[in-house]
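Order-wise, the sequence lines are chains A and B.
Residue 335, in my numbering, is where the first sequence stops; the numbers in between run on with no holes.
Residue 670, in my numbering, is where the second sequence stops; the numbers in between run on with no holes.
Each residue gets a CB set at the ideal place from its N, CA and C atoms; glycine is no exception.
If you're wondering where the values come from, they're calculated on a predicted model, not measured in any experiment.
Accompanying notes for the structure given below.
Number of protein chains: 2
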Amino acid sequence: MTTFKRWVLAKRPDGVPSTDDFRLEQSALPELQDGQALIRVDHISVDPGMRSRLSGDSYAPALDIGATIESAGIGKVITSHNAKLKEGALVWGGFGWQSHLLSDGRGVQALDPKLYQGKIKPTSAIGLFGIPGLTAFFGLFEIGKPKQGNTVVISSAAGTVGATAGQIAKLQGCTVIGLAGSDAKCAYLKEIGFDIAINYKTAGDLTAALKEAAPKGIDIYFDNVGGETLDAAILNMRKNGRIVVSGQISEYNTRTPRGIRHTLPFITQRLKMEGLVVYDFSVQFGEARQQMAEWVNEGKLTYREEIIEGLEQTPQAFIGLFSGESFGRRLVHVS
Amino acid sequence: MTTFKRWVLAKRPDGVPSTDDFRLEQSALPELQDGQALIRVDHISVDPGMRSRLSGDSYAPALDIGATIESAGIGKVITSHNAKLKEGALVWGGFGWQSHLLSDGRGVQALDPKLYQGKIKPTSAIGLFGIPGLTAFFGLFEIGKPKQGNTVVISSAAGTVGATAGQIAKLQGCTVIGLAGSDAKCAYLKEIGFDIAINYKTAGDLTAALKEAAPKGIDIYFDNVGGETLDAAILNMRKNGRIVVSGQISEYNTRTPRGIRHTLPFITQRLKMEGLVVYDFSVQFGEARQQMAEWVNEGKLTYREEIIEGLEQTPQAFIGLFSGESFGRRLVHVS
Chain A
1 MTTFKRWVLA
11 KRPDGVPSTD
21 DFRLEQSALP
31 ELQDGQALIR
41 VDHISVDPGM
51 RSRLSGDSYA
61 PALDIGATIE
71 SAGIGKVITS
81 HNAKLKEGAL
91 VWGGFGWQSH
101 LLSDGRGVQA
111 LDPKLYQGKI
121 KPTSAIGLFG
131 IPGLTAFFGL
141 FEIGKPKQGN
151 TVVISSAAGT
161 VGATAGQIAK
171 LQGCTVIGLA
181 GSDAKCAYLK
191 EIGFDIAINY
201 KTAGDLTAAL
211 KEAAPKGIDI
221 YFDNVGGETL
231 DAAILNMRKN
241 GRIVVSGQIS
251 EYNTRTPRGI
261 RHTLPFITQR
271 LKMEGLVVYD
281 FSVQFGEARQ
291 QMAEWVNEGK
301 LTYREEIIEG
311 LEQTPQAFIG
321 LFSGESFGRR
331 LVHVS
Chain B
336 MTTFKRWVLA
346 KRPDGVPSTD
356 DFRLEQSALP
366 ELQDGQALIR
376 VDHISVDPGM
386 RSRLSGDSYA
396 PALDIGATIE
406 SAGIGKVITS
416 HNAKLKEGAL
426 VWGGFGWQSH
436 LLSDGRGVQA
446 LDPKLYQGKI
456 KPTSAIGLFG
466 IPGLTAFFGL
476 FEIGKPKQGN
486 TVVISSAAGT
496 VGATAGQIAK
506 LQGCTVIGLA
516 GSDAKCAYLK
526 EIGFDIAINY
536 KTAGDLTAAL
546 KEAAPKGIDI
556 YFDNVGGETL
566 DAAILNMRKN
576 GRIVVSGQIS
586 EYNTRTPRGI
596 RHTLPFITQR
606 LKMEGLVVYD
616 FSVQFGEARQ
626 QMAEWVNEGK
636 LTYREEIIEG
646 LEQTPQAFIG
656 LFSGESFGRR
666 LVHVS
């Protein structure tokens, strides 16, 4: 009999989550039934977007108290009574913050060995080739619609979504400006090809800093932050500018969201602001992964990971996202 | 020699404009030159959108101090040395708040007698068939993209833009809910075919009122107001909802705009918010007017005017727009 550990929601966070909001449980896995497979989870993701699921707000389906925290994960099939899940196969899916699970195969996919080879590590299945990278890809192409010569500004640019969107925008012939919260992150952005990197913590007036960086205005603002940062971008948008609402990390932890002050430029500059949930594009995921893999193998697209050791550390790893301490795709190695 | 009167910008308004911000000047018109025509202005418009042009803000080109206030107008060609402008013809253009002007014909158009006949009065050239009606038409079709069965909410619904957008949305098979500031306006909305009319001044919590009126959510929000009203709509938008930013009357008179608080629903509900400047669609104006004229002649589209008597009253007529006292397209009869 296998015991397993999982993190459940102990109570709903008030503001920034604390470790008390989560509880680690240990229990025995039930017997494997026909059609099931036992998966050992190797890596799990921590995602800022999960924050709004922890609250009982009305926009997204809230996670129940006592439920396992949801997340993406990669694992290995240990024992299988399911023809689709071969023993020994590497698989990924929405495994949640836990060490093992029994699966009937729904929502679980084997990693395609043709994709995950050479420079492409299996963990990228829940990073560059998972929701963050796909959000960058579809947000940029479907909403941002980059054209040669466009000026693109990206917030949280050193995160996986931002860094991927920025590198892809460069490949489309855009000038790319990234906002990040440390000089080290800004140096990284320059390394991976951003034209300008602004440390928003030391830049002073962000509206003025963006005006200096993009004197002709912003064509595409790829927003992972919201609030004041979004306002600063709005005040610098060029005629017919597009705002991709990919994430709103500044708004996840508050009951009284700040929002934006400036809606008049939507008229005068004919702005468009649009949000996306990347699952709406799932029929095109294969194609997007293929394109991104080509870029990685040609050295045109890079990807940074940060591995936190131990399932026990998962809530801390998650909470750290909101202070900006993470740098690259943050995963937890369950071990 | 003809003398003429005109209203100029005396100083930039602080908050809601006051009559002191404008100055009436009287002077002699210069001699008519070759290629020019003398136009006597009969009706002029007062438009809330002009408010932001009076301030020195950075989004729209500000009107200079001492300049004639810009507006649409209808007039008659009195004397002409210009082949395009026939004496006696009714014409319209961006005449401004003045009694006469000399024109070289640029930006001036004769009223097409085939269009302006029967139920269609010449004054509608700067109302239903002018910028307000065209804004409703293109805002609704190009951004709102109404589909049979959609739920459409419209703010400032008793104004020309709102009432026109609402009636056209009804013709597309939508359920239409209007927001207006008096019971008389709400009664008018019901008369012209709106399904539900909400008096926002007496409705209490607007978010709750919209939830009750549109229990399945809003597909299209046609916004003429901004601020709290826009927030209430955002909280009730349905998946893939479209927000047409047509006007933001609640934001024109303030140095510290309120904006919106709720940007998270842009992600969770995949919302799109887009502003328009109707001149961008000018090549399609003829077609739109033809379509609207058909509807008017078939009795499917109606239009309400409110004529204020005397050029002297123009600033008062303009200022009254911001307290919601106007009801229908407000024009000033110069005489």
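Please determine, among the options, the residue with the shortest C-alpha to C-alpha distance to residue i.
{"i": "Thr-233 (chain A)", "options": "A:Lys-190, A:Gly-286, A:Ile-177 and A:Ser-282", "result": "Per the sequence shown, residue 233 (chain A) should be read as Ala rather than Thr. Checking every option, the nearest Cα to that of Ala-233 (chain A) belongs to A:Ile-177."}
{"i": "Val-343 (chain B)", "options": "B:Thr-354, B:Leu-359, B:Ile-527 and B:Ala-623", "result": "B:Leu-359"}
{"i": "Thr-403 (chain B)", "options": "B:Gly-539, B:Lys-340, B:Ser-585 and B:Ala-522", "result": "B:Lys-340"}
{"i": "Arg-336 (chain A)", "options": "A:Val-41, A:Pro-17 and A:Thr-79", "result": "This structure cannot speak to residue 336 (chain A), because chain A is shown only from 1 to 335."}
{"i": "Lys-411 (chain B)", "options": "B:Thr-354, B:Asp-377 and B:Leu-364", "result": "B:Asp-377"}
{"i": "Gly-384 (chain B)", "options": "B:Trp-427, B:Val-496 and B:Leu-463", "result": "B:Val-496"}
{"i": "Glu-563 (chain B)", "options": "B:Leu-545, B:Trp-432, B:Lys-456 and B:Gly-552", "result": "B:Leu-545"}
{"i": "Asp-320 (chain B)", "options": "B:Leu-606, B:Gly-468, B:Ser-390 and B:Ala-493", "result": "This structure cannot speak to residue 320 (chain B), because chain B is shown only from 336 to 670."}
{"i": "Ser-670 (chain B)", "options": "B:Gln-452, B:Lys-574 and B:Ile-409", "result": "B:Ile-409"}
{"i": "Ile-218 (chain A)", "options": "A:Gly-226, A:Val-225 and A:Leu-230", "result": "A:Leu-230"}
{"i": "Lys-86 (chain A)", "options": "A:Ile-249, A:Asn-236, A:Leu-111 and A:Glu-312", "result": "A:Leu-111"}
{"i": "His-262 (chain A)", "options": "B:Lys-456, B:Leu-606 and B:Tyr-587", "result": "B:Tyr-587"}
{"i": "Leu-646 (chain B)", "options": "B:Ala-623, B:Gln-361, B:Phe-616 and B:Phe-473", "result": "B:Gln-361"}
{"i": "Gly-226 (chain A)", "options": "A:Gly-88, A:Asp-280, A:Gly-275 and A:Ala-28", "result": "A:Gly-275"}
{"i": "Thr-314 (chain A)", "options": "A:Ala-28, A:Lys-201, A:Ser-45 and A:Leu-134", "result": "A:Ser-45"}
{"i": "Ala-125 (chain A)", "options": "A:Ala-157, A:Leu-90, A:Ser-156 and A:Ala-158", "result": "A:Leu-90"}
Using C-beta distances below 6 Å, list every residue in its chain close to residue i, excluding the 5 sequence neighbours before and after it, in chain order.
{"i": "Ser-658 (chain B)", "result": "none"}
{"i": "Ser-58 (chain A)", "result": "Its pLDDT being 44, under 50, Ser-58 (chain A) is placed unreliably by the model, and nothing is read from it."}
{"i": "Ser-438 (chain B)", "result": "Ala-372 and Ile-374"}
{"i": "Ile-643 (chain B)", "result": "Ala-652 and Val-667"}
{"i": "Ala-165 (chain A)", "result": "Ala-136, Leu-140, Ile-154 and Phe-222"}
{"i": "Ile-78 (chain A)", "result": "Leu-38 and Arg-40"}
{"i": "Pro-132 (chain A)", "result": "Thr-160 and Val-161"}
{"i": "Cys-521 (chain B)", "result": "Ala-515, Ala-532 and Asn-534"}
Leaving out the 5 sequence neighbours to the left and right, which residues in its chain are closer than 7 Å to residue i when beta-carbon positions are compared?
{"i": "Met-608 (chain B)", "result": "Ile-578 and Val-580"}
{"i": "Pro-146 (chain A)", "result": "Leu-140, Val-152, Ala-169, Gln-172, Cys-174 and Ile-220"}
{"i": "Ala-548 (chain B)", "result": "Ile-512, Ile-531 and Ile-533"}
{"i": "Asp-518 (chain B)", "result": "Asn-534"}
{"i": "Lys-419 (chain B)", "result": "Gly-440"}
Taking the straight line between their C-alpha atoms, what separation do you get for residue i and residue j?
{"i": "Gly-582 (chain B)", "j": "Asp-558 (chain B)", "result": "6 Å"}
{"i": "Leu-331 (chain A)", "j": "Arg-12 (chain A)", "result": "23 Å"}
{"i": "Asp-382 (chain B)", "j": "Phe-653 (chain B)", "result": "7 Å"}
{"i": "Thr-2 (chain A)", "j": "His-100 (chain A)", "result": "9 Å"}
{"i": "Ala-397 (chain B)", "j": "Ile-267 (chain A)", "result": "15 Å"}
{"i": "Thr-302 (chain A)", "j": "Gln-33 (chain A)", "result": "42 Å"}
{"i": "Leu-206 (chain A)", "j": "Ser-661 (chain B)", "result": "40 Å"}
{"i": "Phe-464 (chain B)", "j": "Lys-551 (chain B)", "result": "34 Å"}
{"i": "Thr-349 (chain B)", "j": "Ile-584 (chain B)", "result": "Reading the sequence as shown, one finds Asp at residue 349 (chain B) and not Thr. Taking the straight line joining both Cα atoms gives about 15 Å."}
{"i": "Trp-432 (chain B)", "j": "Ile-143 (chain A)", "result": "41 Å"}
{"i": "Tyr-279 (chain A)", "j": "Ile-65 (chain A)", "result": "25 Å"}
{"i": "Thr-458 (chain B)", "j": "Arg-258 (chain A)", "result": "44 Å"}
{"i": "Lys-121 (chain A)", "j": "Thr-589 (chain B)", "result": "54 Å"}
{"i": "Thr-202 (chain A)", "j": "Arg-304 (chain A)", "result": "24 Å"}
{"i": "Ala-208 (chain A)", "j": "Leu-364 (chain B)", "result": "46 Å"}
So which residues on chain D does residue i lean against when the C-beta distance must stay under 8 Å?
{"i": "Asp-615 (chain B)", "result": "No chain D appears in the structure shown, which is made up of the protein chains A and B."}
For residue i, go through chain B and note every residue whose CB falls closer than 7 Å to its CB, in chain order.
{"i": "Gln-248 (chain A)", "result": "Thr-598, Leu-599 and Ile-602"}
{"i": "Gly-226 (chain A)", "result": "Thr-598"}
{"i": "Val-245 (chain A)", "result": "Thr-598, Phe-601 and Ile-602"}
{"i": "Met-292 (chain A)", "result": "Under the 7 Å cutoff, chain B gives no residues; its nearest Cβ is about 22 Å from Met-292 (chain A)."}
Residues of chain A with a CB under 8 Å from the CB of residue i: which are they?
{"i": "Leu-656 (chain B)", "result": "Correct list: empty, because the minimum Cβ distance to chain A is about 16 Å."}
{"i": "Pro-592 (chain B)", "result": "Arg-261, His-262, Thr-263 and Leu-264"}
Looking at residue i: is its Cβ nearer than 8 Å to the Cβ of residue j?
{"i": "Gln-619 (chain B)", "j": "Gly-576 (chain B)", "result": "no"}
{"i": "Asn-297 (chain A)", "j": "Lys-119 (chain A)", "result": "yes"}
{"i": "Ser-108 (chain A)", "j": "Gly-93 (chain A)", "result": "With the sequence shown as reference, residue 108 (chain A) is identified as Val, and Ser is not the correct amino acid for it. Cβ atoms of Val-108 (chain A) and Gly-93 (chain A): closer than 8 Å."}
{"i": "Phe-473 (chain B)", "j": "Ala-628 (chain B)", "result": "no"}
{"i": "Gln-502 (chain B)", "j": "Gly-528 (chain B)", "result": "yes"}
Mind pulling the chain A residues with CB within less than 7 Å of residue i?
{"i": "Gly-479 (chain B)", "result": "The contacting residues do not exist; Gly-479 (chain B) stays about 13 Å from chain A at best."}
{"i": "Glu-586 (chain B)", "result": "Thr-263 and Leu-264"}
{"i": "Ser-387 (chain B)", "result": "Leu-264"}
Just to make sure I have the definition right: I need the residues of chain B whose C-beta is within less than 8 Å of the C-beta of residue i. Which are they?
{"i": "Leu-276 (chain A)", "result": "Ile-602 and Arg-605"}
{"i": "Leu-230 (chain A)", "result": "Thr-598"}
Once the 5 residues before and after residue i are set aside, which same chain residues still bring their CB inside 8 Å of it?
{"i": "Gly-370 (chain B)", "result": "His-416, Asn-417, Asp-439 and Gly-440"}
{"i": "Glu-306 (chain A)", "result": "Ser-326, Phe-327, Gly-328, Arg-329, Arg-330 and Leu-331"}
{"i": "Pro-600 (chain B)", "result": "Ile-569, Leu-570, Met-572 and Leu-606"}
{"i": "Lys-300 (chain A)", "result": "Gln-167 and Leu-171"}
{"i": "Leu-189 (chain A)", "result": "Ala-157, Ala-158, Ala-163, Gly-166, Gly-178, Ala-180 and Ala-197"}
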